[in-house]
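Chemist: If you scroll down you'll find the structure; I have some questions about it.
Protein chains: 2
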Amino acid sequence: MIRPKNDTFLRALLREPTPYTPIWIMRQAGRYLPEYNQTRARAGDFMSLCRSPELATEVTLQPLARFPLDAAILFSDILTIPDAMGLGLHFAEGEGPRFERPLRDEWEINDLAAPDPWDHLRYVMDAVSQIRRSLDNSVPLIGFSGSPFTLACYMIEGRGGTDFERVKHMLYARPDLLHRILGINAKAVVDYLNAQVQSGAQALMIFDTWGGTLSESAYVEFSLRYLHQIVAGVTRERDGQKVPVILFTKGGGLWLERIAATGCDAVGLDWTIDIGAARARVGTHVALQGNLDPNILLTTPDVVRAEARKVLSSYGTGSGHVFNLGHGVSRHTPPENVAALVEAVHEGSRVYH
Amino acid sequence: MIRPKNDTFLRALLREPTPYTPIWIMRQAGRYLPEYNQTRARAGDFMSLCRSPELATEVTLQPLARFPLDAAILFSDILTIPDAMGLGLHFAEGEGPRFERPLRDEWEINDLAAPDPWDHLRYVMDAVSQIRRSLDNSVPLIGFSGSPFTLACYMIEGRGGTDFERVKHMLYARPDLLHRILGINAKAVVDYLNAQVQSGAQALMIFDTWGGTLSESAYVEFSLRYLHQIVAGVTRERDGQKVPVILFTKGGGLWLERIAATGCDAVGLDWTIDIGAARARVGTHVALQGNLDPNILLTTPDVVRAEARKVLSSYGTGSGHVFNLGHGVSRHTPPENVAALVEAVHEGSRVYH
């Protein structure tokens with residue numbers, strides 16, 4: 001495996017020296033870009049876009065053509081695994097993802113099995129291979145998955161963003177059933193991520209979008225435990241190159257030490273925690289990725305630059321910081337503000353390296 | 354002012370010895386109680402219920418008739434202040450609160466003024482007086498308000514629970530405008546809470562429902578700063594009795610030391626933080642209120658009892674703990690689970706006192 005020409009992202013994740021702080025943006029290929037909306041319109045719907053390696057490659061590369069970002073991320077959805085399990089992922093217009101057949105009965109949970117990523121998720125592996133070819137070793141490609149707990153939330157509720165009454169009911173009243181789902185999800189995620197690495201992914205990120213809705217003890221038992229299994233189970237080196245793993249629990253700022261202790265290479269931060277305070281707690285063990293409030297990108301280039309400088313200054317001197325937002329970029333973001341951010345991070349970070 | 358017969362709640366807030374851990378439940382007068390739904394149906398709509406001192410008194414007392422709770426809380430809404438400012442609070446069926454006339458233009462912000470609580474909010478003061486008479490010094494009555502920042506969120510967005518793009522835009526692009534709103538809100542909240550104390554409220558709670566959506570630096574500047582003004586401005590003693598103040602920032606677990614440093618008597622905790630860890634951080638300065646995940650009340654009495662014991666055990670020996678949920682009780686809660694919780698806390702806590 002050849003090291004990409006711009007390897008600042010990989011080096012920062014491994015806390016090796018870099019000339020500046022690398023940056024990529026969660027959901028960087030998304031609806032704030034007119035060219036993305038055009039491709040999506042051509043695809044018909046969101047899942048057709050994900051399922052076409054050609055179109056997934058096209059949209060993955062779009063933000064890199066506009067901005068000198070330091071990493072590409074596979075264009076896909078966090079819910080491809082439960083879709084491959086047969087739950088029927090679909091996207092209603094103007095709403096989040098839904099499952100047609102959420103897990104409602106115990107027999108459905110007993111019948112659940114981890115999908116073979118080379119079979120039902122082959123389209124993802126084909127996209128990874130094709131994106132790598134198109135990137136031509138310019139910047140590294142990030143593979144990703146939802147966390148076992150986050151997948152379970154959608155699988156049980158049938159949707160996200162609710163108060164999770166069904167998931168919490170199962171967690172407290174039938175923990176055995178939830179553990180069964182989570183164990184299968186963890187195996188599925190490991191298989192899926194390893195297939196992505198085999199197809200060319202050079203770093204891995206796990207999105208634990210809903211782990212932060214749990215109490216600490218429930219988080220440890222029902223989310224972190226399975227994140228630990230993933231860190232232990234995924235390919236950490238390929239062809240002599242390390243494959244760094246980033247864990248991101250949104251709302252997990254209270255539990256950074258526990259997340260860092262999984263053995264991951266980097267911890268993603270949402271914007272609620274001061275990144276300097278986070279570094280003081282876990283910075284000798286892991287790199288940190290984050291953490292500008294994405295709403296700042298709705299303002300003006302001047303405000304964006306000023307706020308980006310505050311994050312850089314809070315992190316301080318030395319390597320181990322990958323700049324990012326604390327959550328996905330809003331669809332209402334003017335692309336010129338993203339340009340201002342990338343430039344401000346690249347230029348403004350040199351004094352810290 | 355006569356001390357109530359059951360003063361465990363007030364004593365725990367002041368970290369004085371009590372024979373057991375007192376408990377009350379956020380939104381204890383609410384839709385999980387059939388008798389509440391009957392009264393609300395009689396009132397017609399939610400705001401008519403709030404505006405009638407007779408009906409507000411009736412629903413305030415309903416949970417106390419069912420469960421041996423250690424405090425009553427004024428039945429009202431956190432948004433009465435902006436309603437009194439003329440923004441037109443209303444509740445669409447099946448949705449959260451909305452304002453008919455959210456703040457959209459700069460002149461509207463310049464025209465904003467703190468309402469006289471004895472004029473436009475007289476109905477709240479009448480309810481407080483009437484509830485106190487009906488309680489007949491059995492348990493203390495809690496008065497409350499939304500925090501300046503949380504009120505501003507609703508005033509600017511027109512509703513809650515969104516991604517707060519408008520509020521964040523103002524915060525980052527026009528901080529002067531947001532500070533103007535917050536300054537007026539802080540004055541309004543102090544006047545409102547002091548009128549509640551004068552009418553008979555014996556403890557005060559500030560609900561900062563949305564402060565946890567901010568970055569730490571934004572939280573300090575736009576929410577905590579005004580919480581500080583409130584703690585400094587409200588009546589802390591009346592007729593020789595202390596009036597304890599509880600600050601609750603949902604999602605504020607990272608900032609407990611800062612919240613405790615305002616000089617408040619107690620800090621409310623949501624369920625994401627371990628209460629023992631919170632006590633280790635700030636327990637020598639403040640009492641703690643919380644923090645069971647309200648979803649636990651959707652399960653069974655056995656699960657409720659077991660989880661309540663875990664919270665008591667995590668807090669450990671000694672005073673300074675008021676048991677509560679980490680958020681309001683769900684409308685889907687079986688009342689028998691609330692009965693099990695109250696009993697488990699009263700009985701199970703005696704060994705810690």
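First to last, the sequence lines map onto chains R and G.
Under this note's numbering, the first residue of the first sequence carries the number 1, and numbering increases by one thereafter.
Under this note's numbering, the first residue of the second sequence carries the number 354, and numbering increases by one thereafter.
Glycine included, every Cβ here is placed at the ideal spot set by N, Cα and C.
In chain G, what lies closer than 8 Å to Thr299 of chain R by C-beta?
Modeler: To locate residue 299 of chain R, count along the first sequence from 1; it is residue 299. The answer, in chain order, is His522, Tyr525, Ala526.
Chemist: Please go through the region 89-123 of chain R and give each complete alpha helix (DSSP H) segment of 4 or more residues, from N-terminal end onward.
Modeler: List check, alpha helix (DSSP H) in window: 106-111.
Chemist: Who does Asn644 of chain G pair with in a DSSP beta bridge?
Modeler: Indexing the second sequence from 1 puts residue 644 of chain G at position 291. Its beta-bridge partners are G:Asn677.
Chemist: I'd like to know whether the C-beta of Asn677 of chain G is nearer than 7 Å to at least one C-beta of chain R.
Modeler: Here residue 677 of chain G corresponds to residue number 324 of the second sequence, with the count starting at 1. Judged by the 7 Å Cβ criterion, Asn677 of chain G is not in contact with chain R.
Chemist: Within a Cβ cutoff of 8 Å, which residues of the same chain sit near Arg533 of chain G, ignoring the five residues on either side of it in sequence?
Modeler: Position 180 of the second sequence holds residue 533 of chain G. Hits under 8 Å: Ile462, Asn463, Leu465.
Chemist: Using CA coordinates, which residue listed in G:Thr625, G:Leu386, G:Ala640, G:Leu665 is at the minimum distance from Ala614 of chain G?
Modeler: As a first step, residue 614 of chain G is located in the second sequence; it is residue number 261 there, counting from the start. Residue G:Ala640 is the option with its Cα nearest to Ala614 of chain G.
Chemist: Does the beta-carbon of Ser401 of chain G have 16 or more other beta-carbons within 10 angstroms, so that it is buried, or is it exposed?
Modeler: The count along the second sequence starts at 1 and reaches residue 401 of chain G at position 48. Label assigned to Ser401 of chain G: exposed.
Chemist: Determine the direct distance from the alpha carbon of Trp255 of chain R to that of Pro19 of chain R, and round the result to whole angstroms.
Modeler: What you label residue 19 of chain R is simply residue 19 of the first sequence in a count that begins at 1. What you label residue 255 of chain R is simply residue 255 of the first sequence in a count that begins at 1. Using only the alpha carbons, I get a separation of about 31 Å.
Chemist: Quick check on Pro244 of chain R: buried or exposed, where buried means 16 or more other Cβ atoms within 10 Å of its Cβ?
Modeler: Here residue 244 of chain R corresponds to residue number 244 of the first sequence, with the count starting at 1. By the 10 Å Cβ count, Pro244 of chain R comes out buried.
Chemist: Quick check: the Cα distance between Gly212 of chain R and Phe248 of chain R, rounded to an integer number of angstroms?
Modeler: Sequence index remark: in the first sequence, residue 212 of chain R carries index 212 (1-based). Sequence index remark: in the first sequence, residue 248 of chain R carries index 248 (1-based). Each residue's alpha carbon lies about 10 Å from the other.
Chemist: Which residues, in order along the region 237-271 of chain R, keep a beta-carbon less than 8 Å from a beta-carbon of chain B?
Modeler: In the structure shown, chain B cannot be found, because the protein chains are R and G.
Chemist: Does Arg512 of chain G come out as helix, strand or coil in the three-state DSSP assignment?
Modeler: Against the second sequence, residue 512 of chain G aligns to sequence position 159. Here Arg512 of chain G sits in strand by DSSP.
Chemist: Can you look up Gly268 of chain R in the DSSP assignment and give me helix, strand or coil?
Modeler: Walking along the first sequence from the start, residue 268 of chain R turns up at place 268. Strand, per DSSP.
Chemist: Any idea what DSSP makes of Ser482 of chain G, helix, strand or coil?
Modeler: The residue labelled residue 482 of chain G in the question sits at position 129 within the second sequence. It is helical.
Chemist: The region 17-45 of chain R: which residues have C-beta closer than 9 Å to a C-beta of chain G, in chain order?
Modeler: Correct list: empty, as no residue qualifies.
Chemist: Since Asp208 of chain R sits in a beta bridge, which residues does DSSP pair it with?
Modeler: Sequence index remark: in the first sequence, residue 208 of chain R carries index 208 (1-based). DSSP output for Asp208 of chain R lists R:Thr249 as bridge partner(s).
Chemist: Considering Cα atoms alone, identify which of R:Asn324, R:Gly30, R:Leu341 is closest to Met205 of chain R.
Modeler: For the purposes of this step, residue 205 of chain R is taken as residue 205 along the first sequence, with counting starting at 1. The shortest Cα separation from Met205 of chain R among R:Asn324, R:Gly30, R:Leu341 belongs to R:Asn324.
Chemist: Please report the residue range of the alpha helix (DSSP H) in which Ile230 of chain R lies.
Modeler: The count along the first sequence starts at 1 and reaches residue 230 of chain R at position 230. That run of the alpha helix (DSSP H) goes 225-233.
Chemist: Which value, in whole angstroms, describes the spacing of the CA atoms of Val675 of chain G and Leu422 of chain G?
Modeler: Translated into positions along the second sequence, residue 675 of chain G becomes position 322. Translated into positions along the second sequence, residue 422 of chain G becomes position 69. Spanning the two alpha carbons is a distance of roughly 11 Å.
Chemist: Can you list, in chain order, the residues of its chain with a C-beta nearer than 8 Å to that of Ala396 of chain G? Leave out the 5 residues immediately preceding and following it.
Modeler: For the purposes of this step, residue 396 of chain G is taken as the residue at position 43 of the second sequence. Leu402, Ser405, Leu408, listed in sequence order.
Chemist: In its own chain, which residues sit with a C-beta less than 8 Å from the C-beta of Asp274 of chain R, not counting the 5 before and 5 after it?
Modeler: Working through the first sequence from its first residue, we reach residue 274 of chain R at position 274. Contacts found: Ser314.
Chemist: Less than 7 Å between C-beta atoms, sequence neighbours within five positions excluded: which residues of the same chain meet that for Ser355 of chain R?
Modeler: Because chain R in this structure spans residues 1 to 353, residue 355 of chain R falls outside the shown range and cannot be described.
Chemist: Just by C-beta distance, which residues in the region 503-523 of chain G are closer than 8 Å to chain R?
Modeler: Going along the region 503-523 of chain G in chain order, one finds Asp516, Phe517, Glu518, Lys521, His522 with a Cβ nearer than 8 Å to chain R.
Chemist: If you drop the 5 nearest sequence neighbours on each side, which residues of the same chain put their C-beta closer than 8 Å to that of Asn490 of chain G?
Modeler: On the second sequence, position 137 is the one that residue 490 of chain G refers to. Around Asn490 of chain G: Ile355, Arg356, Pro357, Lys358.
Chemist: Could you name the residues of chain R that Asn648 of chain G contacts, counting a contact when the two beta carbons are closer than 9 Å?
Modeler: Position 295 of the second sequence, counting from 1, holds the residue named residue 648 of chain G. Here the neighbours are Asp163, Phe164, Glu165, Val167, Lys168, His169, Leu171, Tyr172.
Chemist: What residues are listed by DSSP as bridge partners for Gln594 of chain G?
Modeler: Here residue 594 of chain G corresponds to residue number 241 of the second sequence, with the count starting at 1. G:Arg591.
Chemist: Which chain R residues are close to Ile626 of chain G, counting only those with a beta carbon under 9 Å from its beta carbon?
Modeler: As a working mapping, residue 626 of chain G is identified with position 273 in the second sequence. Correct list: Ser215, Glu216, Leu254.
Chemist: At least one CB of chain R closer than 7 Å to the CB of Val664 of chain G: is that the case?
Modeler: The count along the second sequence starts at 1 and reaches residue 664 of chain G at position 311. So, not an interface residue.
Chemist: Would you call the region 498-516 of chain G and the region 434-442 of chain G touching, i.e. three or more CB-CB distances under 8 Å?
Modeler: A contact exists between the region 498-516 of chain G and the region 434-442 of chain G.
Chemist: Under 7 Å between C-beta atoms, does Val303 of chain R make it to chain G?
Modeler: Within the first sequence, numbered from 1, the residue matching residue 303 of chain R stands at position 303. At least one chain G Cβ lies under 7 Å of Val303 of chain R.
Chemist: Taking the alpha carbon of Gln555 of chain G as the reference point, which residue from G:Arg519, G:Gly496, G:Ala526 has its own alpha carbon closest?
Modeler: Here residue 555 of chain G refers to the residue found at position 202 when the second sequence is read from its first residue. Ranking the options by Cα distance to Gln555 of chain G, first place goes to G:Gly496.
Chemist: Label Asp293 of chain R either buried or exposed according to how many other C-beta atoms from any shown protein chain fall within 10 Å of its C-beta, with 16 as the threshold for buried.
Modeler: Numbered from its first residue, the first sequence carries residue 293 of chain R at position 293. Result: buried.
Chemist: Label Asp544 of chain G either buried or exposed according to how many other C-beta atoms from any shown protein chain fall within 10 Å of its C-beta, with 16 as the threshold for buried.
Modeler: Start at 1 with the first residue of the second sequence, and residue 544 of chain G comes out as number 191. When all chains shown are included, Asp544 of chain G counts as buried.
Chemist: Which same chain residues, not among the five before or five after Val587 of chain G, have their C-beta less than 8 Å away from its C-beta?
Modeler: Counting from 1 along the second sequence, the entry for residue 587 of chain G is found at position 234. Hits under 8 Å: Val543, Leu546, Asn547, Val550, Leu557, Val596, Val598.
Chemist: Please state whether DSSP places Leu14 of chain R in a helix, a strand or coil.
Modeler: Here residue 14 of chain R is taken as the residue at index 14 of the first sequence, counted from 1. The answer is coil: DSSP assigns Leu14 of chain R none of H, G, I, E or B.
Chemist: Report the residue from R:Phe99, R:Pro102, R:Leu141 whose alpha carbon sits nearest the alpha carbon of Trp24 of chain R.
Modeler: Taking the first residue of the first sequence as 1, we reach residue 24 of chain R at position 24. It is R:Leu141 whose Cα lies nearest to the Cα of Trp24 of chain R.
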